[in-house]
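As C-alpha cells, the structure follows; a few thoughts come after it.
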Amino acid sequence: KHPCFKCQYCDQEFSADDARLAHEKAKHPLMFECRHCDREFSTDEGRLAHEEAKHPPTFECRHCDREFSTDDARFAHEKAKHPPTFDCRYCDRELNTEHGRSAHEEAKHSVFECHYDCSHTFTSRGTRQQHED
Numbered sequence: 008k009h010p011c012f013k014c015q016y017c018d019q020e021f022s023a024d025d026a027r028l029a030h031e032k033a034k035h036p037l038m039f040e041c042r043h044c045d046r047e048f049s050t051d052e053g054r055l056a057h058e059e060a061k062h063p064p065t066f067e068c069r070h071c072d073r074e075f076s077t078d079d080a081r082f083a084h085e086k087a088k089h090p091p092t093f094d095c096r097y098c099d100r101e102l103n104t105e106h107g108r109s110a111h112e113e114a115k116h117s118v119f120e121c122h123y124d125c126s127h128t129f130t131s132r133g134t135r136q137q138h139e140d
C-alpha cells in the first residue's frame with residue numbers, strides 16, 4: 008500500500024503530497040488569513056478556531072479583567088463598556104462629556120467678580136447679578 012495524503016478540507020485522498028497541495032489550492036482557495044501568523048484558511052470559522060487555539064488574548068482591558076486578541080477589539084470594548092469620564096478639576100465629580108465637565112465647573116466652581124470694583128466674588132453669575140442690582 009502506498010502513502011495516502013488526505014485533503015484537509017474534503018475526503019479526497021492522494022498518493023503524493025504535492026498532488027494533495029495542488030488539489031487544495033485549486034479546489035479550496037485560502038481566503039481567510041490569520042491575523043497573527045502566516046496560516047490561511049478556507050473558512051472564517053477555521054481561522055477563528057485557529058486564532059483562539061494558537062494565539063491566546065494578549066490585549067488586556069485597562070478597566071476590567073477582559074482580554075482580547077487584537078488591540079482594535081480591546082479598544083472597541085473599552086469604548087462600549089467603559090466610556091471615558093471627564094474628571095472635575097476642583098472636586099471628585101466625574102462627568103460623561105467634556106461639555107458636561109465645563110458646565111459643571113462653571114456652575115459650581117467659577118469665581119465671578121463684581122463689576123463695580125468692590126472685593127466681592129461669587130460662585131454664580133446669578134448671585135453676582137443680584138449683588139450688582
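Just so we're aligned, residue 8 is where the sequence shown starts under the numbering used here, counting upward by one. The beta carbon of each residue, even a glycine, is placed where N, CA and C say it ideally should be.
Secondary structure of Thr-65, DSSP reduced to three states: Locating residue 65 in the sequence shown gives position 58, counting from the first residue. In the three-state reduction of the DSSP assignment, Thr-65 falls in the coil class.
Status (buried if at least 16 other CB within 10 Å, exposed otherwise) for Arg-81: Position 74 of the sequence shown, counted from the first residue, corresponds to residue 81. Note on Arg-81: 16 or more other CB atoms within 10 angstroms of its CB, so buried under the neighbour-count rule.
Identify which residue in Gly-133, Glu-139, Pro-90 has its Cα closest to the Cα of Asp-124. Position 117 of the sequence shown holds residue 124. Its Cα nearest to that of Asp-124, the residue Glu-139 stands out among Gly-133, Glu-139, Pro-90.
How about Ser-49 and Pro-64: do their beta carbons lie closer than 8 Å? Locating residue 49 in the sequence shown gives position 42, where the first residue counts as 1. Locating residue 64 in the sequence shown gives position 57, where the first residue counts as 1. No. Outside cutoff.
Decide if Arg-54 is buried, meaning its Cβ has at least 16 other Cβ atoms within 10 Å, or exposed. On the sequence shown, residue 54 is found 47 positions in, with the first residue counted as 1. When all chains shown are included, Arg-54 counts as buried.
How close, in whole Å, do the beta carbons of Glu-58 and His-43 come, if the pair is a contact with beta carbons under 8 Å? Indexing the sequence shown from 1 puts residue 58 at position 51. Indexing the sequence shown from 1 puts residue 43 at position 36. Contact between Glu-58 and His-43 holds, with the beta-carbon distance rounding to 6 Å and staying under 8 Å.
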